[in-house]
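Down below is the structure, laid out as structure tokens.
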Amino acid sequence: MYPAESRSKLLKTQEGLAKKLSSRTHFAPGEVRSLLNMHNRITQLGILDRARFREVIYACFDLLEDLMLDRVFSAFDKNNDGLIDAVEWVEGCSIIIRGTPEELIDFSYFVYNINGDGCIDREEVFQYLRKTVMKVPDVMPQEELEDSVKDLVELCMRKLDKDRDGQVTFKDYEKACLMDPLLVQSLGPCIPTTRSLAAFLACFADNYRSYTPTWGDVWAKNLNRFLRNSNGPIHNHNHAPHEMMDVITTSQSSADEFDEGIIAMAGASDLTH
């Protein structure tokens, strides 16, 4: 495929890039090399533009919605040149596969903020939830579906808009998601399912279960830190360790009403991946 000399230079360049990317992502050098090779094979068939990226993400990570795929592309495309280069590919995969809670919150907020103005308004919430609910038009009459969407928008805004100003700022969103990780995908799936993550990692990683779960120890630790550093009423209550676990348990279940409403409209499989 390559002349011997060119291939030698390419391998040296790739090795150096793999080490650099490993130091600033959640991948080991060998895993980075595998992802770089994957990107190289993809781009040998054509540039990784928006259309190709959508195909790849759909095939690898089970993300389906057109709007969501476009926003995920924009999240990967850091330099806004309309192409996903090798560095953007590895760094983007690092976030959606093994991102910290902070990284996943930042990623999903960017995806949901359709117009990029730095806050999520009611109209953006409506657009996402409407797409989710309208996937199942035979559940109830059209007018009732529209009313259900409006009800879900109100419920979602109550969950996310902490200061009740009609705008979900990043601070609002971060606070809500740290208290209840299920809200990270409250407006629709923008992070791959655990099944697709495991399948993708099995192609090149020693441990195909080494992805960030939606809820786990890492989220609980971040919640503890958030509560310690918060100036809000929860912090002022000075919870004892056993009380802290009660707070975590309560926050984990606090989205039940919201989740059940979504699931009833759109089907459990769309939102429980």
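In this text, residue positions in the sequence shown follow full-length UniProt numbering: the first is 1, and each later residue adds one.
No residue lacks a Cβ here, since even glycine has one placed at the ideal position from N, Cα and C.
Since the model is a prediction, treat every value here as computed from it, not as a measurement.
In the DSSP output, what is residue i paired with across the bridge?
i, result
"residue 169", "119"
"residue 49", "83"
Distance, Cα to Cα, residue i vs residue j?
i, j, result
"residue 26", "residue 75", "17 Å"
"residue 84", "residue 49", "6 Å"
"residue 246", "residue 179", "Its pLDDT being 36, under 50, residue 246 is placed unreliably by the model, and nothing is read from it."
"residue 55", "residue 163", "39 Å"
"residue 150", "residue 186", "15 Å"
"residue 19", "residue 193", "28 Å"
"residue 31", "residue 171", "33 Å"
"residue 69", "residue 93", "14 Å"
"residue 43", "residue 53", "10 Å"
"residue 14", "residue 77", "20 Å"
"residue 205", "residue 143", "48 Å"
"residue 65", "residue 127", "12 Å"
"residue 207", "residue 102", "23 Å"
"residue 29", "residue 132", "38 Å"
"residue 169", "residue 176", "11 Å"
"residue 119", "residue 174", "12 Å"
"residue 21", "residue 196", "23 Å"
"residue 184", "residue 160", "10 Å"
"residue 47", "residue 58", "17 Å"
"residue 71", "residue 81", "14 Å"
Candidates the options: which alpha carbon is nearest residue i's?
i, options, result
"residue 63", "28, 150, 111", "111"
"residue 201", "35, 58, 20", "35"
"residue 154", "122, 132, 199, 107", "122"
"residue 191", "52, 106, 40", "106"
"residue 24", "219, 73, 47, 91", "91"
"residue 117", "159, 104, 167", "167"
"residue 86", "189, 169, 41, 104", "41"
"residue 157", "124, 47, 51", "124"
"residue 198", "212, 189, 188", "212"
"residue 60", "96, 47, 82", "96"
"residue 37", "72, 57, 89, 51", "89"
Tell me which residue opens and which closes the alpha helix (DSSP H) that residue i is part of.
i, result
"residue 39", "29-44"
"residue 194", "194-201"
"residue 158", "142-160"
"residue 112", "101-112"
"residue 134", "Unbroken run through residue 134: none, as it is neither H nor E."
"residue 74", "66-76"
Would you check if the stretch 142-149 and the stretch 103-119 touch, i.e. whether three or more CB-CB distances between them fall below 8 Å?
-> no
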